[in-house]
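Trainee:
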Amino acid sequence: MVISRVVVRAARLVNKSPIFNQITTNSSLQTVRLISTSRCNLAERFYTDKHEWVQVEGKIGVIGISQYAQEALGDVVYAQLPDVDTQLKQKDECGALESVKAASELFSPVSGRVIEKNTEVEDSPSLINTSCYEKGWLFKVELTNKKEISALMNEAQYTEFLKSDHH
Amino acid sequence: MTFIQPTITKVQPLLARHFSTVTKTSNNTNIIKRSVLISQSNDIFTNLALEDWFYRNYDFTNHHIMMLWRNNPCIVIGRHQNPWLEANTTNLGHIAENGVQLARRNSGGGTVYHDRGNLNVTFFTGRKEYNRRHNLELITRAIFKEYGIKIDISPREDLCINNIKVSGTAAKLGQPSAYHHCTLLVNVDKANLSRALQKREYEIKTNATKSVKSQIVNLCELNPRITIDDLLYVIGREYMNPQNSFQIINPTEQQFPGITEIRDTLRDWEWCYGKTPKFSVTKSFIGNFNSISKNLKFTINIEQGRINDMILYVPSGEEKVITSLKGQKFTEDIINCLECPLSGEENNLVDDKDRLVIECIRKVMISV
């Protein structure tokens, strides 16, 4: 138990520190394996058919848009994100992203209360294009119904979904 | 197929593509109905409300709609734009006593000027069938066939002739519907247009969507035969199923329940100005501080169209200015507010610093 907790903590450090990442690319196999497993445990993303993703840690869901959506939008020039304390229901319209003269509505993949929005993305919307899964996250919610997640697609299902014609 | 001009090789593949993809849905079973509506209203808020009404209430899955409309003089900004930066409503005092109307639309993109010489075309589809380039190709094809004018689609998806714009485009994408709309300059008053969109030289800091200034030309300058009524017919015909006819729409509450409420929201200050992304205005000038003339700088931060805070930069550093103006709408009315305490006996209550702040605010307001 103790060991596993240490591993998790180490993995968190790995995820956050760019210097650590650089070192690990040259280091032993064991460290590399540590990174890959930790990502699976901590950072599994679930997707909607509208191409939003949500990553859950405890009661908190982090929300963003997928690589596919980012590419389809083109250069994002403005991000209108939901204000903190907004109560969202699943599939609610909760903001908009503007790119090449099109305002695309944003939908919440889960229900909950907005606890934070990514002000860095508000200031530099291009982060959504350059880093849609990391620096380009959009907002965080305190989930009110964790069961909603089970109806979303995991990475493999989403990849299959993208191959189909129906998205 | 008599309208295909065999000498122009570029036209044929476009037509072919048009017929193969448009009449059928992705599963190749249902024929999509295509209708053309013409709005009888010339009021920008009514027409934007009608557009929004269709977007919210209509199922476009098997029925695509083109809406044709035009407006009395007005300035229309994009959903995430700053009217203080983009529009110059008071610069058109000669056509409307209180300046022309300003409207904020729901779609993205930049600021445009409308008058009765401008034709607006909205293409409604389901989100999956949204295809801006396809719509623009339809317009260029219709104009080429009827008037022999070749229009290019620019990389920014504007319609241009020799890199000069005849049309501006914007879009709104949601679920389950989407629309793309564009302007077509037929015989717009170009002097009014450039006055309406004239930018003023002051320091506004914002990450709101900025307009890209472009040269423009009216279609009637290229072919005097082109009039609004004629073009409306030509584009509508190209779009709709041959057996259909144009439908004239009178956007009333009776026919479109809820449209009045949408129109009221679109006209409201809270939408037109209040939805502006946060910004700051800075003015530099020489002013008296502690009885000495100094270089001063004054910044007002504005959120949701209302004053959030003010900062006065003096040679020794910066000072947050606390006034009762926090939360006030950023409009010229502020100046009237300020002038009250200066008149009459209350004058004595205003100290030098207050006087300086009032002077700063006045300088900023006059510049905007």
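Read top to bottom, the protein sequences are chains G and Z. Start counting the first sequence at 1; every next residue gets the next number (UniProt numbering). Start counting the second sequence at 1; every next residue gets the next number (UniProt numbering). Cβ atoms here follow ideal geometry from the backbone N, Cα and C, with glycine treated the same way. Here the structure is a predicted model, which means the values were calculated and not measured.
Where does the unbroken beta strand (DSSP E) through Asn301/Z begin, and where does it stop?
Mentor: Position 301 of the second sequence holds residue 301/Z. Start and end: Ile292 to Glu303.
Trainee: Hey, Arg127/Z and Gly93/Z are a contact pair by Cβ (cut 8 Å); roughly how many whole angstroms apart?
Mentor: Residue numbering aside, residue 127/Z sits at position 127 when the second sequence is read from its first letter. Residue numbering aside, residue 93/Z sits at position 93 when the second sequence is read from its first letter. No, Arg127/Z and Gly93/Z are not in contact; Cβ-Cβ is about 42 Å, not under 8 Å.
Trainee: Restricting to Cα atoms, I'd like to know which of Ser99/G, Thr119/G and Ser164/G is closest to Glu71/G.
Mentor: Along the first sequence, read from residue 1 onward, the residue named residue 71/G stands at position 71. It is Ser99/G.
Trainee: What are the residues in the region 97-127 of chain Z lying within 8 Å of chain G by C-beta distance?
Mentor: Contacts with chain G (Cβ-Cβ distance below 8 Å) from the region 97-127 of chain Z involve Asn106, Ser107, Gly108, Gly109 and Gly110, listed in chain order.
Trainee: Curious, which full-length beta strand (DSSP E) runs of at least 3 residues does the region 213-266 of chain Z contain?
Mentor: 247-249
Trainee: Consult DSSP for Lys210/Z and reduce its assignment to one of helix, strand or coil.
Mentor: The count along the second sequence starts at 1 and reaches residue 210/Z at position 210. If DSSP states are grouped into helix, strand and coil, Lys210/Z belongs with coil.
Trainee: Give the residues from the region 201-220 of chain Z that approach chain G closer than 9 Å (Cβ to any Cβ), ordered along the chain.
Mentor: Asn207, Ala208, Thr209 and Lys210
Trainee: Determine which residues of the region 76-94 of chain Z have a Cβ less than 8 Å from any Cβ of chain G, and write them out in chain order.
Mentor: Against chain G - using a Cβ distance shorter than 8 Å - the residues of the region 76-94 of chain Z are Gly78, Arg79 and His80.
Trainee: Is Ala96/Z helix, strand or coil when you go by DSSP?
Mentor: The sequence position of residue 96/Z within the second sequence is 96, counting from 1. Coil at Ala96/Z, not helix or strand.
Trainee: Relative to the C-alpha of Lys326/Z, which residue among Ile334/Z, Ile307/Z and Ile311/Z is closest?
Mentor: Counting from one through the second sequence, the residue named residue 326/Z turns up at place 326. Comparing Cα positions, the closest option is Ile307/Z.
Trainee: Anyone know if the C-beta pair for Arg104/Z and Lys275/Z falls short of 9 Å?
Mentor: One-based indexing of the second sequence puts residue 104/Z at position 104. One-based indexing of the second sequence puts residue 275/Z at position 275. Yes. Within cutoff.
Trainee: Given a limit of 9 Å on CB to CB distance, which residues of the region 172-204 of chain Z reach chain G?
Mentor: Lys172, Leu173, Gly174, Gln175, Ala178 and His180
Trainee: Check whether the Cβ of Glu98/G lies closer than 9 Å to any Cβ atom in chain Z.
Mentor: As a position in the first sequence, residue 98/G is number 98, starting the count at 1. It does: the Cβ of Glu98/G has a partner Cβ on chain Z nearer than 9 Å.
Trainee: Using a Cβ cut-off of 9 Å, pull out every chain G residue sitting near Ala170/Z, in sequence order please.
Mentor: Sequence index remark: in the second sequence, residue 170/Z carries index 170 (1-based). Here the neighbours are Lys101, Ala102 and Ala103.
Trainee: Taking its Cβ as the centre, do 16 or more other Cβ atoms sit within 10 Å of Asn82/Z, making it buried, or is it exposed?
Mentor: Here residue 82/Z refers to the residue found at position 82 when the second sequence is read from its first residue. Result: buried.
Trainee: Would you verify that the beta carbon of Tyr78/G is, or is not, closer than 9 Å to some beta carbon of chain Z?
Mentor: Residue 78/G sits at position 78 when you count from the first residue of the first sequence. Answer yes: the Cβ-Cβ gap between Tyr78/G and chain Z drops below 9 Å somewhere.
Trainee: Apply the 10 Å Cβ neighbour rule to Gln101/Z and answer buried if 16 or more other Cβ atoms are within range, or exposed otherwise.
Mentor: On the second sequence, position 101 is the one that residue 101/Z refers to. The residue in question, Gln101/Z, is buried, as its Cβ has 16 or more Cβ neighbours within 10 Å.
Trainee: According to DSSP, is Glu57/G part of a helix, a strand, or is it coil?
Mentor: Along the first sequence, one-based indexing puts residue 57/G at 57. Correct three-state label for Glu57/G: strand.
Trainee: Flag this pair as touching only if the region 99-119 of chain G and the region 54-68 of chain G have three or more C-beta atom pairs under 8 Å; answer yes or no.
Mentor: yes
Trainee: If the cut is a Cβ gap below 7 Å, which residues of chain Z does Lys50/G touch?
Mentor: Mapped onto the first sequence, residue 50/G falls at position 50. Those within 7 Å of Lys50/G in chain Z are Gln175.
Trainee: Of all the options Asn120/Z, Thr46/Z and Thr89/Z, which has the alpha carbon lying nearest to the alpha carbon of Ala170/Z?
Mentor: Stepping through the second sequence from its first residue, residue 170/Z is reached at position 170. Cα-wise, what sits closest to Ala170/Z is Asn120/Z.
Trainee: Measuring alpha carbon to alpha carbon, tell me which of Cys272/Z, Phe330/Z and Ile226/Z ends up nearest Gly148/Z.
Mentor: The sequence position of residue 148/Z within the second sequence is 148, counting from 1. Of the listed residues, the one whose Cα sits closest to Gly148/Z is Ile226/Z.
Trainee: Measure the alpha-carbon distance for Trp137/G versus Trp53/G and round it to whole angstroms.
Mentor: Residue 137/G sits at position 137 when you count from the first residue of the first sequence. Residue 53/G sits at position 53 when you count from the first residue of the first sequence. Their backbone Cα atoms lie some 9 Å apart in a straight line.
Trainee: Return the residue from the list Ile358/Z, Ala178/Z and Ile65/Z that minimises the CA-CA distance to Asn241/Z.
Mentor: Numbered from 1 along the second sequence, position 241 holds the residue referred to as residue 241/Z. Taking only the C-alpha atoms, the option nearest Asn241/Z is Ile65/Z.
Trainee: Ignore the nearest five residues each way along the sequence and tell me which others in Ser41/Z's own chain have a CB closer than 6 Å to its CB.
Mentor: The residue labelled residue 41/Z in the question sits at position 41 within the second sequence. Short of 6 Å from the beta carbon of Ser41/Z, and not among the five residues preceding or following it, lie these beta carbons of its own chain, in chain order: Asn47 and Pro251.
Trainee: Which residues in chain Z sit within 7 Å of Phe107/G, going by Cβ to Cβ distance?
Mentor: Stepping through the first sequence from its first residue, residue 107/G is reached at position 107. Chain Z residues near Phe107/G: Gln175.
Trainee: Roughly how many angstroms lie between the CA atoms of Thr61/Z and Ser214/Z, to the nearest whole one?
Mentor: Here residue 61/Z refers to the residue found at position 61 of the second sequence. Here residue 214/Z refers to the residue found at position 214 of the second sequence. Answer to the nearest angstrom: the Cα atoms are 36 Å apart.
Trainee: Just the C-alpha distance for Gly168/Z and Asp152/Z, rounded to the nearest angstrom, thanks.
Mentor: The residue labelled residue 168/Z in the question sits at position 168 within the second sequence. The residue labelled residue 152/Z in the question sits at position 152 within the second sequence. Each residue's alpha carbon lies about 13 Å from the other.
Trainee: From Lys165/Z to Cys182/Z, what distance separates their C-alpha atoms?
Mentor: Position 165 of the second sequence, counted from the start, is the residue given in the question as residue 165/Z. Position 182 of the second sequence, counted from the start, is the residue given in the question as residue 182/Z. Looking at the two C-alpha atoms, the distance is approximately 12 Å.
Trainee: Just the Cα atoms here: how many angstroms apart are Ile248/Z and Ser150/G?
Mentor: Start at 1 with the first residue of the second sequence, and residue 248/Z comes out as number 248. Start at 1 with the first residue of the first sequence, and residue 150/G comes out as number 150. Their backbone Cα atoms lie some 48 Å apart in a straight line.
Trainee: Keeping to the same chain, check which residues put their C-beta closer than 7 Å to that of Ala69/G; ignore five residues upstream and five downstream.
Mentor: Taking the first residue of the first sequence as 1, we reach residue 69/G at position 69. Contacts found: His51.
Trainee: Can you give the beta carbon distance from Asn106/Z to Arg79/Z, rounded, assuming they're within the 8 Å contact cut?
Mentor: Position 106 of the second sequence, counting from 1, holds the residue named residue 106/Z. Position 79 of the second sequence, counting from 1, holds the residue named residue 79/Z. With a Cβ gap of about 6 Å, Asn106/Z and Arg79/Z count as contacting.
Trainee: What whole-angstrom Cβ distance do Glu51/Z and Thr122/Z have, given they're in contact under 8 Å?
Mentor: Here the question's residue 51/Z lines up with position 51 in the second sequence. Here the question's residue 122/Z lines up with position 122 in the second sequence. That belief holds up - the Cβ atoms of Glu51/Z and Thr122/Z are roughly 6 Å apart, short of 8 Å.
Trainee: Suppose you measure from the CA of Ser280/Z to the CA of Leu197/Z; what does that come to, to the nearest Å?
Mentor: For the purposes of this step, residue 280/Z is taken as residue 280 along the second sequence, with counting starting at 1. For the purposes of this step, residue 197/Z is taken as residue 197 along the second sequence, with counting starting at 1. If I take the Cα positions, the gap works out to 20 Å.
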